[in-house]
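Residue numbers (the working numbering): 31 to 453. A virtual CB, placed ideally from N, CA and C, is assigned to each residue, including glycine. It should be emphasised that the depicted structure is a prediction, and the values quoted were computed from it without experimental measurement.
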Amino acid sequence: MLTAICGINWGDEGKGKMVDLFSRDYDIVCRYQGGNNAGHTVINERGKFVLNLLPSGILRREVVNVLGNGMVIDVKHLTNEAQKLREKGVEITPENLKISDKAVITMPYHVLLDCLEEERLKDKKFGSTRRGIAPVYADKYMKKAFRMGELFDEKSLKLRAEEIAEWKNLTVERGYGHAPVTAEEILDYLYTFGMIWKDYVTDVGSFLTHANEEGKKILFEAQLGALRDIDFGIYPYTSSSSTIAAYAPIGAGIPGVKLDKCIGIMKAYSSCVGEGPFTAEYFGEKADFLREAGGEYGAATGRPRRVGPFDVVASSYGIRCQGADEVVLTKLDILSAYDEIEVCTAYELDGKIIHEFPSTNELLRAKPVFEKRKGWRADITKCRKKEELPPEAIDYIKFIEDSCKCRLSYVAVGAERDAVIKM
Ligand code: GDP
């Protein structure tokens, strides 16, 4: 059984919570793209955890976790993240964590370049998380990145460090006028923070192939959402990796298999971090109210998120991109704060009403068309069955299913692991 869990919107849909819940039925959880630029927040009986690089399955003792080749791994960040989890009693060993030998390493100079470029752009900045993600993916495709499996060949590593330092300084030193990167500091970093993971690095493709042949259940965990995908998202305000479910087998290490199921995670309202078009955006007090109600501050960066009502146009597009067989609607409880709930049902573009998600330049001109739905104004966080929900909440769910042409399999009504309703 091969299942992907992916984001339908701009990320922060609550994927971590759902992977944490669903992982009870899986043997293996794999991250297949991205780095430590986003965070999953998971709250369960063991406490509250913020995971940036580690798959959410790490919180279950019996699950094996994989960091796939599609990822970019900041080994220092990984070391710190693991340390924090271990302090809370989470076991992380080569038995329950396997790191692809083909995964690429995010270096300090990638973080540096990310910051230098954002500073150069000033008010035109992209709103990068400044974790070095775009520079490291660029290097991957330039074939100038270090991979995890390279760490253990001392002689060739030294040679590559020298070549890469020389090449990097064409931009770091000559381009941005910053102090140069040296081969010594590259090697020092890789030995200090990379070597720690030596026993965890393996041919993940072979491990997953055998596991799949043995009938093990594998869950692929995405970071961010469809609208941040490098190809299908709001380019150039996207992430630098493919957040799409179809990429999961490739980024995990078993490109030849087909997914059995894709579960899309979609939020009952909208949130978006960073720059770029966000058509349904609320401003001022309206935004503050929803941001506070939903606790919309970045898990990785603490940045206040931009917020707005549920967007039918963007969400329908996200569902289509992900090929979601079923959808989980999260954070429905947050909408309990409203007498009337707004939803964005269409966009107005150059005087015309449109229902298809347009290109980025058109999006920047598009205006939202809002409709109002009746709210329920009652605490639903204790509801565990559909029948326990107020009729207005059931109407809202039905409206979303009809307008987005999707099937909602679960609705989440709280941050805790068990705060879900099977539909
Ligand atoms: P992810 O990156 O998609 O995992 O999303 P985040 O972890 O950044 O954001 C989701 C946040 O909402 C986390 O703090 C979760 O604990 C919380 N959360 C998830 N589902 C629900 C829900 O149904 N209700 C409420 N109130 N919080 C939720």
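Query raised in the report: Thinking C-alpha only, which one of E422, K288, N39, C436 is nearest A354?
Result: For the purposes of this step, residue 354 is identified with residue 324 of the sequence shown, where counting begins at 1. Among E422, K288, N39, C436, the Cα nearest to that of A354 belongs to C436.
Query - Close-in-space but distant-in-sequence residues of the same chain around V342 (CB under 7 angstroms, 5 per side omitted) - result: The count along the sequence shown starts at 1 and reaches residue 342 at position 312. Only V373, C374, T375, S433, C434 meet the Cβ criterion.
Query raised in the report: By Cβ distance, which residues of its chain are closer than 8 angstroms to R76, with the 5 residues on each side in sequence left out?
Result: As a first step, residue 76 must be located in the sequence shown, where it is residue number 46. Counting only Cβ-Cβ distances below 8 angstroms, and skipping sequence neighbours, we find L89, K118, G119, V120.
Query raised in the report: Between V49 and the rest of its own chain, which residues show a CB-CB distance below 6 angstroms, the 5 nearest in sequence each way excluded?
Result: Looking up residue 49 in the sequence shown gives position 19. Closer than 6 angstroms at Cβ, skipping near neighbours: I35, S86, E251.
Query - Alpha carbon of A310 to alpha carbon of V303, nearest angstrom - result: Here residue 310 corresponds to residue number 280 of the sequence shown, with the count starting at 1. Here residue 303 corresponds to residue number 273 of the sequence shown, with the count starting at 1. Between A310 and V303, the C-alpha separation is close to 14 angstroms.
Report task. Assign T71 to one of two classes, buried (16 or more other C-beta atoms within 10 Å of its C-beta) or exposed (fewer than that). Result -> The residue you call residue 71 lines up with position 41 of the sequence shown. When all chains shown are included, T71 counts as buried.
**Report entry** Cβ-heavy atom distance, G44 to the ligand GDP, below 7 angstroms
**Finding:** Taking the first residue of the sequence shown as position 1, residue 44 is located at position 14. Yes, the ligand GDP has a heavy atom inside 7 angstroms of this Cβ.
Requested in this report: Check whether the Cβ atoms of I371 and L362 lie closer than 8 angstroms to each other.
Outcome: Translated into positions along the sequence shown, residue 371 becomes position 341. Translated into positions along the sequence shown, residue 362 becomes position 332. Their beta carbons are not under 8 angstroms apart, which means I371 does not touch L362 by this criterion.
Query raised in the report: Is it the case that the CB of V443 approaches a heavy atom of the ligand GDP more closely than 7 angstroms?
Result: Position 413 of the sequence shown holds residue 443. Answer for V443: yes, Cβ within range of the ligand GDP.
Query raised in the report: Roughly how far, in whole angstroms, is the beta-carbon of N126 from the beta-carbon of N95, given that I think they are within contact range, below 8 angstroms?
Result: Along the sequence shown, one-based indexing puts residue 126 at 96. Along the sequence shown, one-based indexing puts residue 95 at 65. Right, their Cβ atoms sit about 6 angstroms apart.
Query - Those residues which DSSP pairs with R403 across a bridge - result: By one-based count along the sequence shown, residue 403 stands at place 373. Its beta-bridge partners are I371.
**Report entry** C-beta contact flag for I135 and I103 at 8 angstroms
**Finding:** As a first step, residue 135 is located in the sequence shown; it is residue number 105 there, counting from the start. As a first step, residue 103 is located in the sequence shown; it is residue number 73 there, counting from the start. Yes. Within cutoff.
**Report entry** Proximity below 8 angstroms, CB of L257 to CB of A344
**Finding:** On the sequence shown, residue 257 is found 227 positions in, with the first residue counted as 1. On the sequence shown, residue 344 is found 314 positions in, with the first residue counted as 1. Yes, these two residues count as a Cβ contact at 8 angstroms.
Query raised in the report: Can you give the Cα-Cα distance for A282 and S271, rounded to whole angstroms?
Result: Indexing the sequence shown from 1 puts residue 282 at position 252. Indexing the sequence shown from 1 puts residue 271 at position 241. C-alpha separation (whole angstroms): 13 angstroms.
Report task. Would you check if the distance between the CB atom of R335 and the CB atom of D42 is smaller than 8 angstroms? Result -> As a position in the sequence shown, residue 335 is number 305, starting the count at 1. As a position in the sequence shown, residue 42 is number 12, starting the count at 1. Yes, these two residues count as a Cβ contact at 8 angstroms.
Report task. Let me know the secondary structure DSSP gives C413 once reduced to three states. Result -> Counting from 1 along the sequence shown, the entry for residue 413 is found at position 383. Residue state, collapsed to three classes: coil.
Query raised in the report: Considering only the beta carbon of each residue, do V357 and I38 sit closer than 8 angstroms?
Result: Locating residue 357 in the sequence shown gives position 327, counting from the first residue. Locating residue 38 in the sequence shown gives position 8, counting from the first residue. Closer than 8 angstroms, so yes.
Report task. Give the straight-line distance between the Cα atoms of L151 and P279, rounded to the nearest whole angstrom. Result -> The count along the sequence shown starts at 1 and reaches residue 151 at position 121. The count along the sequence shown starts at 1 and reaches residue 279 at position 249. Each residue's alpha carbon lies about 36 angstroms from the other.
Requested in this report: Take K415 as the anchor and find which of V93, V450, Y327, K246 has the nearest alpha-carbon.
Outcome: Numbered from its first residue, the sequence shown carries residue 415 at position 385. Ranking the options by Cα distance to K415, first place goes to V450.
Report task. Mark D218 as exposed unless 16 or more other C-beta atoms lie within 10 angstroms of its C-beta, in which case mark it buried. Result -> By one-based count along the sequence shown, residue 218 stands at place 188. Burial call: exposed.
**Report entry** Three-state secondary structure (DSSP) of D169
**Finding:** The residue given as residue 169 occupies position 139 in the sequence shown. D169 falls in the helix class under three-state DSSP.
Query - Ordered list of alpha helix (DSSP H) runs contained in the stretch 114-154, each at least 4 residues - result: 138-151
Query raised in the report: In the DSSP assignment, what are the bridge partners of L97?
Result: In the sequence shown, residue 97 corresponds to position 67, counting from 1. Answer is R61, I129, bridged to L97.
Query raised in the report: How about S130 and N99: do their beta carbons lie closer than 8 angstroms?
Result: Against the sequence shown, residue 130 aligns to sequence position 100. Against the sequence shown, residue 99 aligns to sequence position 69. The answer is yes: Cβ separation under 8 angstroms.
Query raised in the report: Quick one: what does DSSP say L44 is sitting in, helix, strand or coil?
Result: Mapped onto the sequence shown, residue 44 falls at position 14. Rather than Leu, the amino acid found at residue 44 in this sequence is Gly. Coil at G44, not helix or strand.
**Report entry** Nearest-angstrom Cα separation, counted from W406 out to P421
**Finding:** Taking the first residue of the sequence shown as 1, we reach residue 421 at position 391. Taking the first residue of the sequence shown as 1, we reach residue 406 at position 376. Their Cα atoms are separated by approximately 8 angstroms.
Query raised in the report: Cβ of I410 versus every heavy atom of the ligand GDP: is any distance shorter than 7 angstroms?
Result: Counting from 1 along the sequence shown, the entry for residue 410 is found at position 380. No; taking the cut-off as 7 angstroms, the Cβ of I410 has no heavy atom of the ligand GDP nearer than that.
Requested in this report: Apply the 10 Å Cβ neighbour rule to I383 and answer buried if 16 or more other Cβ atoms are within range, or exposed otherwise.
Outcome: As a working note, residue 383 is residue 353 in the sequence shown. Label assigned to I383: exposed.
Query raised in the report: Can you give the Cα-Cα distance for K297 and L359, rounded to whole angstroms?
Result: Residue 297 sits at position 267 when you count from the first residue of the sequence shown. Residue 359 sits at position 329 when you count from the first residue of the sequence shown. C-alpha separation (whole angstroms): 5 angstroms.
Query raised in the report: Between the beta-carbon of S300 and the beta-carbon of V337, is there less than 8 angstroms?
Result: Here residue 300 refers to the residue found at position 270 when the sequence shown is read from its first residue. Here residue 337 refers to the residue found at position 307 when the sequence shown is read from its first residue. It is a contact, given that the beta carbons lie within the stated cut-off.
Query raised in the report: Hey, how far is the Cα of F176 from the Cα of Y230?
Result: Locating residue 176 in the sequence shown gives position 146, where the first residue counts as 1. Locating residue 230 in the sequence shown gives position 200, where the first residue counts as 1. F176 and Y230: Cα-Cα distance of roughly 16 angstroms.
Requested in this report: In the DSSP assignment, find the unbroken alpha helix (DSSP H) run with T239 in it and report its ends.
Outcome: As a working mapping, residue 239 is identified with position 209 in the sequence shown. Element bounds for T239: 234-243.
Query raised in the report: Hey, would you say the C-beta of G405 is under 7 angstroms away from at least one heavy atom of the ligand GDP?
Result: As a working note, residue 405 is residue 375 in the sequence shown. False, no ligand heavy atom lies under 7 angstroms from that Cβ.
Query raised in the report: Using the C-alpha atoms, what's the distance from P210 back to K228?
Result: The count along the sequence shown starts at 1 and reaches residue 228 at position 198. The count along the sequence shown starts at 1 and reaches residue 210 at position 180. Taking the straight line from one Cα to the other gives about 28 angstroms.
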